[in-house]
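Enquirer: Under our numbering, the sequence shown has 365 at position 311, and the numbering climbs by one with no breaks.
The following block contains the structure, expressed as structure tokens.
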Amino acid sequence: MAQINPRLIQAITEQPTEDIPESPTVAKLPGTYAKLINRNKDKIKSRCPDNFFMVKCKSCERKGKYNVGLILVNIDQKSRPEETEPNEMAQTTGYFRCKHCNDAGNWEMPIDFNMAILAGMVMHDSPIEDKRCELGTHRLFDGSWHLYCSDAEEHLLDLLTEEPDNAYLWTRLANLYFTGNRPELTACVLEHALSIDRYQTEARYTLGSFFHQIGELELAAEHYKYMLLSANKYQKMDVIDFRHFLADGLNDLFLIHLRSNQEIPFLPSIESMEQAGLNLGNDRKIVELDFELFPDELESFYPLAEMYMGSLRNRIPKRQRRLTISINQKGKKKRHKKRRK
């Protein structure tokens, strides 16, 4: 049974702390998505490889086998004393809590964990790749550095105490759980984020991916289409990365369309786009054009992705843009001919 922080449930439900068990189960998570994903979590592709160690909780003095995820070793010693232990400069991406007392972050790591760190450092320039240990650091969106995933969780929950209606902050917490190999917590938090902002683009993308992987095609398509409907206002990502992000969602939508024998429409309807407040203008004509699409070749979806980006696509350098049809230019040519007459 995977452990859950009672603070998470308190933050979402606003229940009094005394009403929440010290070691809550998935049944205590609000919403419906967490339970659905939890039943199918083995189908969800992990961001980081499994990496199990026998770890001792210093709070209750008991050991357990935990998936620590990717080990990231920070070899920058400029701000660290020379006596720093190896495991004090190694972040772990896995989200785990003590199976016995539900505490987190107060760990005594085993000798083989320290050996894995040293081996990762020695083999950094080796042709032999070990995906369980890498050199580098993982920082949150605000630049903060945390040793354990559970430490980062506490930091984000503190921020959410100050801004409980910040959907973007909730998606940062969800991303942390996803990287920590806890898709059920990810789904729970994203469902809550959407209750605050139904057009939270990243939340829609991740949920679309989850539901696609577990075979809930209609639900996946719904989330992906909301992703597209919100794309023209989302400015939290680099535009080049954002185009690739949207193209990935479009690729999944296309596969869903094919796998449903075309019963699930590929794209949002013109009506749904207008209901979402999108001023299509000449883009209405672009929507109706046929694009040559190739499943799993994301670049073939770039023109469509740029169309849904709206004016954000103008931030892409011209030489890198893929939406080459310019309705406005055609209109200008027609008006120019009329003036010549």
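Where is the CB? At the ideal position from N, CA and C, for every residue including glycine.
Within 8 angstroms, do at least three Cβ pairs link the segment 292-306 to the segment 347-366?
Expert: yes
Enquirer: Would Gly148 and Asn105 be called neighbours here (beta carbons separated by less than 8 angstroms)?
Expert: yes
Enquirer: Using the Cβ count rule (16 or more neighbours within 10 Å means buried), how would you classify Lys95?
Expert: buried
Enquirer: From Thr378 to Tyr356, what does the alpha carbon distance come to, in whole angstroms?
Expert: 11 angstroms
Enquirer: For the putative contact between Arg186 and Ile268, defined by C-beta atoms under 8 angstroms, what is the C-beta separation to the nearest angstrom?
Expert: With 8 angstroms as the limit, Arg186 and Ile268 do not qualify as a contact, their Cβ atoms being about 26 angstroms apart.
Enquirer: What three-state label does DSSP hand Leu90 in the structure shown?
Expert: helix
Enquirer: My assumption, with CB atoms under 8 angstroms, is that Ala257 sits in contact with Ala228. Please give the rounded CB distance.
Expert: 7 angstroms
Enquirer: Out of Ser100, Leu283 and Thr67, state which residue places its alpha-carbon closest to the alpha-carbon of Gly234.
Expert: Ser100
Enquirer: If you check the beta carbons only, do Glu238 and Ala88 fall under 8 angstroms apart?
Expert: yes
Enquirer: How would you label Arg236, buried or exposed, when you count the other beta carbons within 10 angstroms and need 16 or more for buried?
Expert: buried
Enquirer: Kindly indicate which three-state DSSP category Arg389 falls into: helix, strand or coil?
Expert: The predicted position of Arg389 is uncertain, since its pLDDT is 40 and thus under 50; a value taken from the coordinates is nonetheless stated next. Correct three-state label for Arg389: helix.
Enquirer: For chain C, check one thing: does any of its Cβ atoms lie closer than 8 angstroms to the Cβ of Asn315?
Expert: Looking at the structure shown, chain C is missing, and only one protein chain is on hand.
Enquirer: What residue range is occupied by the uninterrupted alpha helix (DSSP H) comprising Asn229?
Expert: Ala221 to Thr233
Enquirer: Where DSSP assigns a beta bridge to Asn121, which residues make up the other side?
Expert: Phe106
Enquirer: Quick one: using the 10 Å Cβ neighbour count with 16 as the cut-off for buried, is Phe308 buried or exposed?
Expert: buried
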